[in-house]
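Numbering (UniProt numbering) for the sequence shown: 1 to 276. Below is one structure, written out as structure tokens, with a few remarks after it.
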Amino acid sequence: MELFYETIEKMCTQVKEKLSLKEFCKNEEITAIILGSGLGGFANNIEDVKSIKYSEIEGFPITTNTGHKGRMLFGYINNKAVIVMEGRIHYYEGYSMKEVVTPIYFMKLMGTKKIILTNAAGGIGDNFEVGNLMMITDHITSFVPSPLIGKNDERFGLRFPDMSCVYNKKLQQVIRSVADRENIELKEGVYLQTTGPNYETPAEIQMYKKLGADAVGMSTAVEAMVANYLQIKVCGISCITNKAAGLSDKELNDEEVKEVASKVAKDFETLLKGII
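Structure follows, in structure tokens:
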């Protein structure tokens, strides 16, 4: 674990040197944002942008998902410093769970205080429709390995971190206020993460529904877990891009996810800018 901490430190040093980010990195209110599938257009809102590809950072995992650009952006939105990931790392790509959440450790050592996690998800809740935006109030990670397994390094956090309030209550209130002010319909619910890359079966969806899940996807929850462990304030937004398996007559596919995400992009971007 000591080597892992040092590896993350080296990544931060590389990025600061490559992009001359000394002043930016002194900002005490850096907000990190991870953009999910089909939501990458939000990056156009960033000012004074400096970018770096994941492949240019030694040791940083590289996304293989064609819908993710695989680069990190540093800049400002409404005069607030942001680090934006255009594309995340997924467990289904073959990475270890520790590698999947490496970006969260990186953001912590870069000075991140808050993180906004976004994703495209399948709707399970009875009152959820395609195109809805859902604020994540809690999550279920019982179907994926914990990213905290292994020797603990107390420089990062506690061995047995509390997960009773992963999604920050004050940030949730901010999201509600922004949605109300901008007249954006906002759902709330529990997000469940699976491993992917396959979509779920109708029987699995019925099980998840009975467990209390309102939306399902292949990311996000383990990132939130690690961010909470690292004492980064967390909030999350899901874009409901399809009805989960068995809840509609449509066959699930990635193109539908991207298409629906692009249709709600305006509301999504307005909500994110307001939160920041």
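C-beta: ideal position from N, C-alpha, C; glycine also. What you are looking at is a predicted structure, and each value in this text was computed from that prediction instead of being measured.
Note that the C-beta distance between Arg71 and Ser51 is below 8 Å.
Membership of Tyr76 in the beta strand (DSSP E) is indicated by the continuous run Arg71 to Ile77. Nearest C-alpha to Lys243 among Leu252, Ser146 and Leu117: Leu252. In this structure, the beta-carbon distance from Met218 to Thr241 does not fall below 8 Å. The alpha carbon of Val260 has as its nearest neighbour, out of Ala224, Phe74, Asn79 and Asn132, the alpha carbon of Asn132.
Inside the stretch 86–166, DSSP marks whole alpha helix (DSSP H) runs of 4 or more residues at positions 97–100 and 102–109, from first to last along the chain. Looking at Ser177, Gly274, Val222 and Ile8, the one whose alpha-carbon comes closest to that of Arg88 is Val222.
By the criterion of a C-beta distance shorter than 6 Å, Phe143 is surrounded in its chain by Thr194, once the five residues flanking it on both sides are discounted.
Put simply, the backbone Cα of Leu148 is about 25 Å away from that of Val15.
Counting C-beta pairs with one atom in each stretch, the stretch 106–126 and the stretch 32–44 have three or more that are closer than 8 Å, which means they touch.
DSSP, read as helix, strand or coil, puts Asp48 in strand.
At least 8 Å separates the beta-carbon of Leu73 from that of Ala120. Pairwise C-beta distances place the stretch 225–234 out of contact with the stretch 181–190, as fewer than three of them are shorter than 8 Å. Here DSSP, grouped into helix, strand and coil, assigns Glu58 to coil. If you ignore the 5 residues before and after Leu230, its C-beta comes within less than 8 Å of the C-beta of Ile104, Tyr105, Lys108, Phe156 and Gly157, all in its own chain and listed in chain order.
Rounded to the nearest angstrom, the gap between the Cα atoms of Ala203 and His90 is 24 Å.
Exposure of Cys165 is indicated by the presence of fewer than 16 other C-beta atoms within 10 angstroms of its C-beta. Using a Cβ distance threshold of 8 Å, Lys273 and Ile77 count as a contacting pair.
About 7 Å separates the CB atoms of Asp138 and Tyr167; that is less than 8 Å, so the two are in contact.
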